[in-house]
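Novice: Here this note's numbering = 1-based position in the sequence shown + 130.
Backbone N, C-alpha and C fix where the C-beta goes; we use that ideal spot for every residue, glycine too.
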Amino acid sequence: MATAGVQDHEIRGLTLGSSRMEGEEEVAQPPDHGEKSSWPELVGSWYMDAAFTIAHERPGVSVHFYDFDWTGPPPAGFDPKRVALFSDAHNLVSAVPKIG
Numbered sequence: 131m132a133t134a135g136v137q138d139h140e141i142r143g144l145t146l147g148s149s150r151m152e153g154e155e156e157v158a159q160p161p162d163h164g165e166k167s168s169w170p171e172l173v174g175s176w177y178m179d180a181a182f183t184i185a186h187e188r189p190g191v192s193v194h195f196y197d198f199d200w201t202g203p204p205p206a207g208f209d210p211k212r213v214a215l216f217s218d219a220h221n222l223v224s225a226v227p228k229i230g
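#1: Using 8 Å for Cβ pairs, my map puts residue 239 next to residue 198. What's the rounded Cβ distance?
#2: Secondary structure at residue 195, three-state DSSP: helix, strand or coil?
#3: Rounded to whole angstroms, what is the Cα-Cα separation between residue 193 and residue 200?
#4: Out of 174, 164 and 169, state which residue places its alpha-carbon closest to the alpha-carbon of residue 228.
#5: Tell me where the alpha helix (DSSP H) around residue 182 begins and ends.
#6: Residue 207 to residue 230, Cα distance in whole Å?
#7: Comparing C-alpha positions only, which one of 166, 176, 171 and 210 sits nearest to residue 219?
#8: Note down the Cα distance separating residue 171 from residue 203, rounded to an integer number of angstroms.
#9: Using the DSSP secondary-structure output, state which residues sit across from residue 224 in a beta bridge.
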């Protein structure tokens, strides 16, 4: 549930609020302009801990979840506002989460 004046970030049915207050303009950041673009240290972490870490470090991106054995098409095209997070059967991050 969103709190008035807080921008929300969608994470698999959950929302994470940012510190941006109502009335403040969102400033678009160019990709890889001094911001983190991958999280190798999260491999082996519980997927929700990883998602919260990513949302905290890059509040302008959305986290998309995939099972490691997922056989569908890869995420379409490069999206600088998306992080693909792959997890295994134990809900542990199984590949380096990265922008794209």
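Specialist: To lay it out plainly:
#1: Outside the displayed span of the chain (131 to 230) sits residue 239, for which this structure offers no information.
#2: Within the sequence shown, numbered from 1, the residue matching residue 195 stands at position 65. Residue state, collapsed to three classes: strand.
#3: Position 63 of the sequence shown, counted from the start, is the residue given in the question as residue 193. Position 70 of the sequence shown, counted from the start, is the residue given in the question as residue 200. Going from the Cα of residue 193 to the Cα of residue 200 covers about 16 Å.
#4: Residue numbering aside, residue 228 sits at position 98 when the sequence shown is read from its first letter. For residue 228, the nearest C-alpha among the options comes from 169.
#5: Residue numbering aside, residue 182 sits at position 52 when the sequence shown is read from its first letter. Its alpha helix (DSSP H) spans residues 177-187.
#6: Here the question's residue 207 lines up with position 77 in the sequence shown. Here the question's residue 230 lines up with position 100 in the sequence shown. Roughly 8 Å separates the two Cα atoms.
#7: Sequence index remark: in the sequence shown, residue 219 carries index 89 (1-based). For residue 219, the nearest C-alpha among the options comes from 176.
#8: Counting from one through the sequence shown, the residue named residue 171 turns up at place 41. Counting from one through the sequence shown, the residue named residue 203 turns up at place 73. Looking at the two C-alpha atoms, the distance is approximately 26 Å.
#9: On the sequence shown, position 94 is the one that residue 224 refers to. Under DSSP, no beta-bridge partner is assigned to residue 224.
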